[in-house]
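For what it's worth, this note's numbering labels the leading residue of the sequence shown as 68, then goes sequentially. We treat Cβ as the ideally placed atom computed from N, Cα and C, and that holds for glycine. Keep in mind that this is a model prediction, so the values were computed, not measured. What follows is a short report on a single structure.
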Amino acid sequence: TKSGNLFGSWEDTVKKIHDSNFENILLEFTATIDTETAELVKHYQDKVIFKYDLAEFRIDKYSKEINLIRSLYDEQDRIIQALILNLYRQELATSNNINLKPVILFKAKKTIKESEQNKENFHKLIDDFSLAMVEKIQKTSTVPIIQKAFRFFEAKSISANEIVKRIQANFRLENCLSANNDAEAEQNQILLNTLEDENNPIRAVFAVQKLNEGWDVLNLFDIVRLYEDRDGKDGKPGKTTLSEAQLIGRGARYYPFALEEGQDEFTRKFDDDISNDLKTLEELYYHTKEDSRYISELKKALVDSGIYEDDENLITKQLTLKLDFKETDFYREGHVFFNKKIPKSFDNIKSFADLGVKKTNFRHTLSSGVGRMSGAFAEAESSETEAIKTKDVKLTEIPKNIIRFALSQNPFFYFENLSHYFPSVGSLSNFIDSTGFLAGLEITFSGTSNRLKEISHFDYLQALNGLLQSIEADIKSNSTEYEGSDYIKEPIHKVFKDKEIKVYKDSEREDGQETLVANEPWYVYNANHGTSEEKKFVELFSRRFEGLNQKFENIYLIRNEREIKIFDKIGRAFEPDFLLFCKQRDGEQMTFQVFIEPKGEHLKGHDKWKEDFLNEIRTEQKTIKIHTDNYLITAVPFYNYNNENEFKTTLESTLNI
68 TKSGNLFGSW
78 EDTVKKIHDS
88 NFENILLEFT
98 ATIDTETAEL
108 VKHYQDKVIF
118 KYDLAEFRID
128 KYSKEINLIR
138 SLYDEQDRII
148 QALILNLYRQ
158 ELATSNNINL
168 KPVILFKAKK
178 TIKESEQNKE
188 NFHKLIDDFS
198 LAMVEKIQKT
208 STVPIIQKAF
218 RFFEAKSISA
228 NEIVKRIQAN
238 FRLENCLSAN
248 NDAEAEQNQI
258 LLNTLEDENN
268 PIRAVFAVQK
278 LNEGWDVLNL
288 FDIVRLYEDR
298 DGKDGKPGKT
308 TLSEAQLIGR
318 GARYYPFALE
328 EGQDEFTRKF
338 DDDISNDLKT
348 LEELYYHTKE
358 DSRYISELKK
368 ALVDSGIYED
378 DENLITKQLT
388 LKLDFKETDF
398 YREGHVFFNK
408 KIPKSFDNIK
418 SFADLGVKKT
428 NFRHTLSSGV
438 GRMSGAFAEA
448 ESSETEAIKT
458 KDVKLTEIPK
468 NIIRFALSQN
478 PFFYFENLSH
488 YFPSVGSLSN
498 FIDSTGFLAG
508 LEITFSGTSN
518 RLKEISHFDY
528 LQALNGLLQS
538 IEADIKSNST
548 EYEGSDYIKE
558 PIHKVFKDKE
568 IKVYKDSERE
578 DGQETLVANE
588 PWYVYNANHG
598 TSEEKKFVEL
608 FSRRFEGLNQ
618 KFENIYLIRN
628 EREIKIFDKI
638 GRAFEPDFLL
648 FCKQRDGEQM
658 TFQVFIEPKG
668 EHLKGHDKWK
678 EDFLNEIRTE
688 QKTIKIHTDN
698 YLITAVPFYN
708 YNNENEFKTT
718 LESTLNI
C-alpha cells in the first residue's frame with residue numbers, strides 16, 4: 068500500500084483468500100496507515116474499527132517526551148554535550164537504584180561512508196577526550212539540562228577528571244556499533260535488538276537509514292545529527308526531515324522503571340513535576356545545529372506524527388507554597404495519609420466463599436434419547452413426553468478418583484496454582500474433602516427418571532468439568548494480583564513542595580485563579596491551575612469557609628498535583644484533585660483529612676468506580692492516632708456544579724457540622 072497500489076499482488080492474494088469463504092473475517096493491523104492516497108482513504112473509510120496512533124500513545128504516557136537541543140556548537144561539541152547527558156542519565160539512574168545503560172545514536176545523512184567517517188572521528192575524540200573539553204561545555208553551554216547535569220555531578224562529587232574517565236570507559240571501541248556493517252549483519256542485528264539487555268555492552272550506534280523502520284529500542288535517549296543542511300521547501304519538511312522524525316519515533320518508547328512497589332513502570336511519572344531530576348529519564352533529546360527553518364520543519368514533521376508536543380503551545384507555571392503556610396506547625400509537623408499498591412495477599416482466603424465463588428448448585432443436563440416429531444403443517448402436537456426431573460448430588464457422593472481425574476484435566480486446579488489463591492489449602496486431598504471447598508458443593512442433574520437412576524462415571528466427569536470451569540471463572544473474576552495497602556503516613560513537608568507544571572496556552576488551566584486564592588490563608592499554593600470544574604469547587608469552598616472556621620481551625624485546602632495516589636481494593640490508582648485538612652476546635656480535636664474530586668458531567672459515568680471508592684472511604688472513616696494527634700480519613704462523592712447543593716450537604720455531614 069505504500070506505493071498507493073491497493074490491489075497489488077499481496078493485497079490481491081489476501082482478498083482472494085478472504086472471498087473464498089463467506090465466514091472468513093479479515094483483520095488488518097498497521098502502524099503506518101496511508102491517509103494521503105485518496106483511493107486508500109476511500110477504501111478504508113468504513114472499515115477502521117479502532118485507531119490507537121502515536122499521539123494517543125504519547126498522551127497515555129507510554130512514550131518518552133521529545134526535546135530538541137539546538138546550539139551553535141560545532142559537531143564535536145554537540146557530541147560532547149550528548150556524552151555528558153549520557154553519563155548524567157547513567158549516574159542519576161544508579162543513584163535511584165534504576166538499572167539503566169543509556170544509548171546514543173549518531174546519525175549520518177546519506178552514505179555509509181559518511182557514517183563510517185563519523186565513527187572514526189568519534190573514536191579519535193574519545194581517545195583525545197580531555198578535561199578542557201568538559202570544562203568548555205560547562206562554561207559555555209546555556210542549555211538548562213546541561214547545567215543541571217553539572218550541578219548533579221558536583222553534588223555527587225564527580226569531578227571533571229572523573230567525568231572524562233567514565234566517558235572514555237563507557238565508549239571504548241568495543242562498545243560502539245556500526246549498523247551499516249553488512250559483513251556482520253546477523254550479529255549486529257542481535258545487538259541492535261537487545262540493547263536493553265544487561266550483557267549487551269553497546270553504548271553508541273552509528274547509522275544512516277537502516278534503523279528508520281523496523282527498529283524499536285527503549286534505552287535510546289540521545290540522537291545526534293551529524294550534518295547541517297536541510298531539504299525542506301516552502302516551510303514543508305523534506306524527505307530527509309521526515310525520515311529523521313520517523314527515526315525519533317523509533318527511540319521514543321518509554322524505558323520502564325519503578326521507584327516503589329506497585330508503581331506503573333511503563334508510563335511517565337513526572338509530567339506534572341517537570342523540575343524533578345528523574346524527568347530526564349523520561350525524555351529523548353535530539354541534538355542539532357541551531358537553524359530556525361530546519362527546526363520549524365522538524366517540529367512540523369514530529370507534530371504530524373503525533374509523538375511531539377511543541378513547547379510553543381505550552382506555558383510553564385510556578386506553583387509555590389505560601390510562606391505563611393510553610394511556617395505553620397501543621398506544615399512542619401503534620402502528616403498526610405495515603406496507601407500503596409501492593410501484591411494481593413491471599414493469606415486470609417480460607418474457602419471458596421472468601422473469593423466469591425457462587426454457592427448455587429451447578430446444573431448439568433444428562434443426555435437422553437427423549438424427543439418428539441411433528442408435522443410441518445400441524446396446528447398442534449402432542450404434549451405427551453417423558454417428564455424431566457432433577458436430582459441433587461453432593462460432591463462427597465462422587466467417587467474421588469473421578470474428581471481427581473477432572474482436576475488433572477484443568478491446569479488451573481493443579482496444586483501449585485490452587486495454593487496461590489488458597490495458601491491454607493494444604494493438599495489436593497484437603498481441597499477435595501474440605502466443606503470450604505469441593506466437599507461443600509452439589510451438582511443438580513436434570514434428566515428422565517431412568518437417566519437419573521443410571522448416572523455414569525462419564526456423566527459425573529462431564530458435570531465436574533462444567534463445575535470446575537464455573538469455579539475457575541468466579542475465582543478469576545473476583546481476584547486480582549494487586550490491592551491497596553493499609554494507610555501509611557508521610558510528613559506534609561516532604562510530600563507537598565514548590566514545583567513547576569506545564570499547561571496549554573489559552574486553555575482553561577492557564578488561568579491560576581490568583582484573584583481568589585492568592586491571599587487566602589486556607590489555600591496553600593499561590594495558584595490553582597485546575598479545570599473549570601475544579602475552579603468552581605474552590606469558589607464554593609471560599610463561600611463556605613467562614614462557616615467551617617467557626618467549628619474548625621488549621622483549615623487547609625491542598626490541590627494534589629500528582630503528589631499522592633490512593634489505591635482501591637483491586638489495586639486501581641486514583642489521584643484525588645484536592646485534600647482538605649481541618650481540626651476540630653472542641654471535643655476530640657480530631658483532624659479531618661478529606662479526599663475531594665471535582666468531576667465534569669461528561670466524565671462521571673466513566674469514572675464511577677472512583678466515586679464508589681470515595682464512598683467506601685467515607686463509610687469506613689478510618690481513625691489514626693499519632694502521638695497525641697487524632698486523624699480521621701474520609702471522603703465525599705464527586706463535586707459537580709450541577710449538584711453543588713447536594714455536595715455542600717454531604718460535605719457538612721461528613722464533617723459532622
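- Item | Beta-carbon proximity of Y155 to Q148, cut-off 8 Å | Residue numbering aside, residue 155 sits at position 88 when the sequence shown is read from its first letter. Residue numbering aside, residue 148 sits at position 81 when the sequence shown is read from its first letter. Contact flag unset, no.
- Go through its chain and collect everything with a Cβ distance to G401's Cβ below 7 Å, but skip five positions before and after it. Start at 1 with the first residue of the sequence shown, and residue 401 comes out as number 334. Hits under 7 Å: I559.
- Query: Any contact of the stretch 407-420 with the stretch 570-584, i.e. 3+ C-beta pairs under 8 Å?
  - Reply: no
- Excluding the five sequence neighbours on either side, which residues of its own chain have a C-beta within less than 6 Å of the C-beta of I726, listed in chain order? Because the chain spans 68 through 724 in this model, residue 726 falls outside it and cannot be assessed.
- In chain order, each beta strand (DSSP E) run of at least 3 residues that lies wholly inside the stretch 215-267: 243-245
- Message: Report the CB separation of V284 from V170 in whole angstroms; it is logged as a contact under 8 Å.
- Response: The sequence position of residue 284 within the sequence shown is 217, counting from 1. The sequence position of residue 170 within the sequence shown is 103, counting from 1. Sure, about 7 Å apart at Cβ, within 8 Å.
- Where do the ends of the alpha helix (DSSP H) carrying G316 lie? Your numbering for residue 316 matches position 249 in the sequence shown. Taken as a continuous stretch (DSSP letters only), the alpha helix (DSSP H) holding G316 covers K306 to R317.
- Which term fits Q536, buried or exposed, when burial requires 16 or more other beta carbons within 10 angstroms of its beta carbon? By 1-based counting over the sequence shown, the position of residue 536 is 469. Label assigned to Q536: exposed.
- Which runs of the beta strand (DSSP E) fall wholly inside the stretch 501-589 and span at least 3 residues, in chain order? 509-514, 549-551, 555-558 and 566-571
- Query: Rounded C-beta distance between R629 and D339? I'm assuming under 8 Å.
  - Reply: As a first step, residue 629 is located in the sequence shown; it is residue number 562 there, counting from the start. As a first step, residue 339 is located in the sequence shown; it is residue number 272 there, counting from the start. Right, the Cβ-Cβ distance comes to about 4 Å (below 8 Å), so this counts as a contact.
- Excluding the five sequence neighbours on either side, which residues of its own chain have a C-beta within less than 7 Å of the C-beta of S418, listed in chain order? In the sequence shown, the residue the question calls residue 418 occupies position 351. So the list reads G503 and F504, once near-sequence residues are dropped.
- Task: Mind reading off the beta-carbon distance from Y353 to I116? Whole number of angstroms is fine, and I expect it under 8 Å.
- Result: Working through the sequence shown from its first residue, we reach residue 353 at position 286. Working through the sequence shown from its first residue, we reach residue 116 at position 49. Y353 to I116, Cβ: 34 Å. No contact.
- What is the rounded straight-line gap between the Cα of K458 and the Cα of H431? By 1-based counting over the sequence shown, the position of residue 458 is 391. By 1-based counting over the sequence shown, the position of residue 431 is 364. Using only the alpha carbons, I get a separation of about 10 Å.
- Given N55, which residues of its chain have a CB within under 6 Å of its CB, disregarding the five upstream and five downstream residues? With the chain represented from 68 up to 724, any question about residue 55 goes unanswered, as that position is not in the structure.
- Task: Give the straight-line distance between the Cα atoms of A454 and F512, rounded to the nearest whole angstrom.
- Result: Within the sequence shown, residue 454 is the residue found at index 387, counting from 1. Within the sequence shown, residue 512 is the residue found at index 445, counting from 1. In a straight line, the C-alpha of A454 is about 14 Å away from that of F512.
- Just mark K223 as buried or exposed, buried being the case when its beta carbon has 16 or more other beta carbons within 10 Å. Looking up residue 223 in the sequence shown gives position 156. Looking at its Cβ environment, which holds fewer than 16 other Cβ atoms inside 10 Å, K223 is exposed.
- Could you give the distance in angstroms between the alpha-carbon of D371 and the alpha-carbon of L531? Numbered from 1 along the sequence shown, position 304 holds the residue referred to as residue 371. Numbered from 1 along the sequence shown, position 464 holds the residue referred to as residue 531. Cα to Cα, D371 sits roughly 57 Å from L531.
- Query: Using the C-alpha atoms, what's the distance from E464 back to F479?
  - Reply: Against the sequence shown, residue 479 aligns to sequence position 412. Against the sequence shown, residue 464 aligns to sequence position 397. Going from the Cα of F479 to the Cα of E464 covers about 23 Å.
- Item | Backbone CA spacing between S162 and E78 [nearest angstrom] | Here the question's residue 162 lines up with position 95 in the sequence shown. Here the question's residue 78 lines up with position 11 in the sequence shown. When rounded, the distance between both Cα atoms is 53 Å.
- Return the CA-CA distance between C243 and R270, expressed in angstroms with no decimal places. Along the sequence shown, read from residue 1 onward, the residue named residue 243 stands at position 176. Along the sequence shown, read from residue 1 onward, the residue named residue 270 stands at position 203. Using only the alpha carbons, I get a separation of about 6 Å.
- Nearest CA to the CA of F238: which residue from E263, L192, I213 and S208? For this step, residue 238 is matched to residue 171 along the sequence shown. Considering only alpha carbons, the answer is L192.
- Item | Pairwise C-alpha distance: E577 and L583 | Position 516 of the sequence shown, counted from the first residue, corresponds to residue 583. Position 510 of the sequence shown, counted from the first residue, corresponds to residue 577. Using only the alpha carbons, I get a separation of about 15 Å.
- alpha helix (DSSP H) runs wholly inside the stretch 175-212, at least 4 long, in chain order: 179-195 and 198-207
- Local conformation of V54 per DSSP, three classes: Nothing about residue 54 can be read from this structure; the chain reaches only from 68 to 724.
- Enumerate in chain order the residues of its own chain whose CB-to-CB distance from K602 is below 7 Å, with the five nearest sequence positions on each side excluded. Taking the sequence shown and counting its residues from 1, the one referred to as residue 602 is at position 535. Within the same chain, K602 has close Cβ partners Q580 and N595.
- Query: Leaving out the 5 sequence neighbours to the left and right, which residues in its chain are closer than 8 Å to N497 when beta-carbon positions are compared?
  - Reply: Taking the sequence shown and counting its residues from 1, the one referred to as residue 497 is at position 430. Within the same chain, N497 has close Cβ partners F504.
- K306 CB to nearest heavy atom of the ligand PLP below 7 Å: As for the ligand PLP, it is missing from this structure, which has no ligand bound.
- Task: Return the CA-CA distance between I92 and L121, expressed in angstroms with no decimal places.
- Result: Against the sequence shown, residue 92 aligns to sequence position 25. Against the sequence shown, residue 121 aligns to sequence position 54. Between I92 and L121, the C-alpha separation is close to 27 Å.
- Query: Which same chain residues, not among the five before or five after T178, have their C-beta less than 7 Å away from its C-beta?
  - Reply: Residue 178 sits at position 111 when you count from the first residue of the sequence shown. V275.
- Message: By DSSP's criteria, T355 is part of a beta bridge. Which residues make up the other side?
- Response: As a first step, residue 355 must be located in the sequence shown, where it is residue number 288. Answer by DSSP bridge pairing, in chain order: R137.
- Query: Over what stretch of residues does the alpha helix (DSSP H) that includes K618 continue unbroken?
  - Reply: For the purposes of this step, residue 618 is taken as residue 551 along the sequence shown, with counting starting at 1. K618 -> alpha helix (DSSP H) spans S599 to K618.
- In chain order, what residues of the same chain have a beta carbon less than 8 Å from the beta carbon of V210, not counting five sequence neighbours either side? For the purposes of this step, residue 210 is taken as residue 143 along the sequence shown, with counting starting at 1. Closer than 8 Å at Cβ, skipping near neighbours: I136, S138 and Q148.
- With a 10 Å radius around its C-beta and 16 neighbouring C-beta atoms as the bar for buried, classify E664 as buried or exposed. Numbered from its first residue, the sequence shown carries residue 664 at position 597. It is buried - the Cβ of E664 has at least 16 other Cβ atoms within 10 Å.
- Message: Tell me the residue span of the alpha helix (DSSP H) that contains D679.
- Response: The residue you call residue 679 lines up with position 612 of the sequence shown. Counting along the chain, the alpha helix (DSSP H) containing D679 begins and ends at K675 to E687.
- Message: If you reduce the DSSP assignment to three classes, tell me which class E132 lands in.
- Response: Locating residue 132 in the sequence shown gives position 65, counting from the first residue. Looking at E132 - three-state DSSP - the assignment turns out to be strand.
- Message: If you reduce the DSSP assignment to three classes, tell me which class N712 lands in.
- Response: As a first step, residue 712 is located in the sequence shown; it is residue number 645 there, counting from the start. Helix at N712.
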